[in-house]
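Reading through the structure tokens given below for one structure.
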Amino acid sequence: MGKYKLINNVLGWVTFAISSIVYLMTMEPTASFWDCGEFISSAYKLEVGHPPGAPFFMLTANLFTQFASDPSQVAVMVNSMSALFSGLTILFLFWSITHLARRILVNEGEEISNSQLITIMGSGLVGALAYTFSDTFWFSAVEGEVYAYSSLFTAVVFWLILKWEAVADKPHADRWMVLIAYLMGLSIGVHLLNLLCIPAIVLVYYYKKYPNPTLKGTFVALFISFAIIAVMMYGVVQGLVEVCGWFELLFVNGMGMPYNSGVFAYVVVLLGVIAWAIYETMTSNPNKVRMNIAFILSVTLIGIPFIGSGYVIGILLIAALTAYLFLSKRTSIEVMNTILVSLLVIVVGYSSYALILVRSSAETPMDQNSPKDIFTLRTYLAREQYGKTPLIYGQTYVSEVKRQNQGGSCAAVTKEGAPTWSRVIKKDKTEKDKYYVSRYESEYEYIDELNMLFPRMHSGDGRHVSAYQEWAQVKGEPVQFDRCGERVTVMKPTFAENIRFFFTYQLNFMYWRYFMWNFSGRQNDIQGNGEVDKGNWITGIKAIDSVMVGPQDDMPYDIANNKGHNVYYLLPLLLGIIGLLYQAYAGEKGIQSFWVTFFLFFMTGIAIVLYLNQTPYQPRERDYAYAGSFYAFCIWIGFGVAGLAKILEKYGKLPAVAAASVATVASLFVPIQMAAQNWDDHDRSGRYAARDFGINYLESCEPNAVIFTNGDNDTFPLWYAQEVEGIRTDIRVCNTSYLQTDWYIDQMKREAYESKPLPISWDRADYIQGTRDVAYIFPMTDQPIDLNTALSFVKSNDPKYKKIPGINQPLDYIPSQTLLYKVDTAAALKHGVIQPADSALMLSEMTIDLKDKEVLGKQELIVLDMLQTNNWERPIYYAVTVSPDQFVKLDGYFQQTGLAYQIVPMSTKGTNKAVNSEKMYDNVMNKFKWGGVNNPDVYLDENTMRMCKSFRMALFSKLAGTLIAEGKNDKALKVLDKAMEVLPAKTVPLDYSALSIGEFYFTLNQKEKAEAVYNGIADNSLRSLRWYFRLNPNQMASVMGDVEHNLAVLQEILRIGKQYDPEYGKAFQEEFDNYRMAYSSVRR
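FYI, the numbering used here numbers position 617 of the sequence shown as 653, with every residue one higher than the one before it.
What follows is the structure, encoded as structure tokens:
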């Protein structure tokens, strides 16, 4: 036994060392794209990130940032934390596999034989190393996100329940259960995914406590486990703040005390009552009445009964619990004590969310949702800003809101929900603190005939509807319904089509595809939507892959040279299946551990698919959400060693030791193959793209500027640069998607570092949530009206300005489709918005044409107010990545300075003035950094690659074209050469994004350079076309858009090339003509 423990411990730490070293070697040296910049920023300065927050992650990461030698090393420390925690995850996976394998292979009381020892350790090594080098887990292990930490919690609590199982019959064994409960509470402050381990934990408990388990007992155990998940997610997480809110209202509104006094009182009462309840269960002569009352009060105060909205369910659950405790004779004091202690430590772990309240009250620069009191914390935890997705019953994509006749108009029917409590807007500081109901939550009611059980196709977005119809091959069935007195017929998808979408898209494409990426192979890292050439799973076996995703020779460079092209020849999958079968048929202990592993696999995989109910066209791949499921499958991969050893011993007639050794050595080639294939597309060392690109946005702006952004990747890297590395903190980054909310407008009206408050004239009462969320464009006049007049009209509370003819309900609206902004020309010149040389082009008024808009959102109203109030004092920019529908029709006055458009008082659209060539040249040539993307050893994922290609067009080509138009050919040539230097063809392949680069080289009489660019583009396009036309009809149908695109690119190359050299393109003209004719015949 001592020998086993020593080897088990040593090999466990060896796996930790291997994985940690690998992750530290390959981690990104700065912030990554997506949420990483935000998480690192929130950890470094303990600021409030997006809902539902991750306070315990913040605290732990903040500890790691203390070891940073300077701010540029902060991201390294947080990423190192992910790497080390991922290594610890591998350690606990190894120990979990060896525990499970030993339980099956070795009977109780027996000595472990050498063959058993080799098999057990081999299983642990192979399973742990397979997960180490798996695609999804490795991705999360090398960046500063919550998923590595969440995986560690999953690994630890699963290992702890196995530790409990080993000592369950010994005194004080329940301490392991209490520790699990505490870690569950802590994990809420990282990610809720950890709660999905509960079914596996409950099964281990059931199988241990009931030596003769039954199918019925197993189902009961699973039902209890699902109830515990519901209690945690909706009882503890939501219910606790609900009850706390009642205390807050009592103390603040009822007793006139300061804000958060009720929260403090609640904490004292809660801890006191739980301590009393625990004491009652530990006395030598327990009083059953007092003990039961204390238990009921504890459960009630924690909020567990208030699992749904309203009080009825809560009262019924409290009554049921009371009846059970007082009427049942089977109540165990020991169980009650364990429950109470577990609830106490869960609450203690969950208390990390106090950090969110404290830091939000400090009004940190990043303070998302401003959860500074218990009511805003509740909406923060509930992620209300992301809306609700129907799960059990709800709308389909054809569903319409119920409407009823109200005073001659057809009004939408809504269901009033819970009140939203807000702090009063004080007129002076002497007013007492108080909350008031600012609005009631409301939900639209949908027409029942158009709704469906288990609704999977629920979004009415046009792109989503088209995808639903394609994925589910929707034909639909006619359904009639009443639309405000009119009988209307629509084609509603059938339930069978709904289920087809669930299986083909949500389950197959959004789960099994990711699963096969990890255990079979990956075609490339290009995000697709079912196309044959983008992001599919493959095997590496040509005969199979050619049937699934087309010929495997002479593939397009996007596939053949893609570092995300990884093949494992199905080996991890097959080894896992062998392990699964071995575990399931290894006697009673085997089948029990199989069900434990299976429910860990199911709950962290398919159950998440059911819960997320994802729509098509996700903004990014979502495999990271299912890392826990792949963790469970790696347990089966580990058991594959034991299964293979048994096969070799039984059918290969090998001695037991030899069979175990051969199985272990042979199986180790599986993680070795995974490591060899995955290294190049998981090695982020040397990549600074996210940080440098974020800085480039900031450097595009003048001092004290405001820059509007919209998405994650044009916001979070900028926040990181400012919050962590202290770069350009004079600039205010303003995200327009957040600008729809009152809490964000509040923040924009506060100072942040060197940035003064934004010029917003509206008071909080003018924009509080539920007030002026939209303003309709309803022309009461054909004449333009002044912008200031329009904004005053919308802001007015006079009822006469809210009446629209034919509509009974009051609405905020703008009475004209054309607004005029009068330009203070003196102010524009004074603040340098217009250069003196361009003063003759300056407009006296700017026209904002709203004819093709029906409404202005709150964010657009605030932007217009800022424009009016600012009066050119601060430069205002839009990031080039912001969608044009957010421009409020100001794009006719944009002047590009780099990665930003500055609003200027002159008409620029279609003129050379659309680019400030002097500023942009200085930015591109001297200030901008490129994150190492010109290094062929640096991995550029699809997201980074797409940005690089857009920079070719939006930066270099646009600047070069403007310089040529201005006659500055020398500078234009330098810009083109710079483009080819920092975005070379060897790292950023030549394609449509380089068309203008080649054309401008021709214009500048750089024929050799031009033809090199165009020949590179032509080679890429022709190689793709050759492959496309070898596909079968079904496969080709999915890439017709790419075929058309490549033909158009070739046509453009030939057109431009022949303008400068009539002989250009002869080498591929015939091939192009043939493909164009072939395409025409296919389309017919």
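Just so you know, even glycine gets a beta-carbon here, dropped at the ideal spot from N, CA and C.
Residue i to residue j span [Cα, whole Å]
i	j	result
Asp171	Leu228	22 Å
Tyr621	Tyr605	26 Å
Arg1091	Glu1106	14 Å
Gly747	Ile126	34 Å
Met989	Ser406	39 Å
Ile562	Glu978	6 Å
Asn771	Arg727	18 Å
Phe634	Ala668	7 Å
Cys446	Glu522	11 Å
Gly674	Asn1070	39 Å
Val1118	Met981	31 Å
Val371	Ile264	15 Å
Ser953	Phe537	50 Å
Pro65	Gln709	26 Å
Leu847	Thr933	39 Å
Ala311	Tyr660	40 Å
Asp469	Gly290	11 Å
Exposed unless 16 or more other CB atoms sit within 10 angstroms - verdict on residue i
i	result
Arg723	buried
Asn45	exposed
Ala873	exposed
Gln1087	exposed
Ala886	Reading the sequence as shown, one finds Leu at residue 886 and not Ala. Label assigned to Leu886: buried.
Phe194	buried
Leu935	buried
Ala1103	exposed
Val524	exposed
His718	buried
Beta-ladder partner(s) of residue i, from DSSP
i	result
Val769	Ile743
Arg558	Trp573, Asn602
Thr883	Leu856
Asp403	Val84
Ile912	Val742
Leu489	Tyr429
Simplified DSSP assignment, three categories, for residue i
i	result
Gln628	helix
Trp70	coil
Asp748	helix
Pro514	strand
Arg475	strand
Leu543	helix
Gln932	strand
Glu978	helix
Leu892	strand
Leu417	helix
Lys245	helix
Pro835	helix
Ser387	helix
Thr96	helix
Ser495	coil
Ile340	coil
Residue i beta carbon near the ligand SAH (any heavy atom closer than 7 Å)
i	result
Val309	As far as ligands go, the structure on display features none, and thus does not contain the ligand SAH.
Residues of its chain near residue i, where Cβ-Cβ distance is below 7 Å and the 5 sequence neighbours each way are ignored
i	result
Ser261	Ile234, Pro235, Val238
Ile870	Ala864, Met878, Val940, Pro941, Met942
Asn948	Thr998, Ala1001, Glu1002
Tyr40	Ile148, Leu153
Glu477	Gly453, Ala454, Thr456
8 Å CB neighbourhood of residue i in its chain, flanking five on each side removed
i	result
Phe411	Gly281, Glu284, Thr456, Trp457, Ser458, Tyr471
Val266	The residue asked about is misnamed: residue 266 is Ala in this sequence, not Val. Taken in chain order, the residues that qualify are Ile343.
Same chain, Cβ closer than 6 Å to residue i, five either side skipped, listed in chain order
i	result
Leu855	Leu823, Ala826, Ile884
Pro401	Ala788
Ser388	Pro91, Phe92, Gly225
Thr530	Glu513
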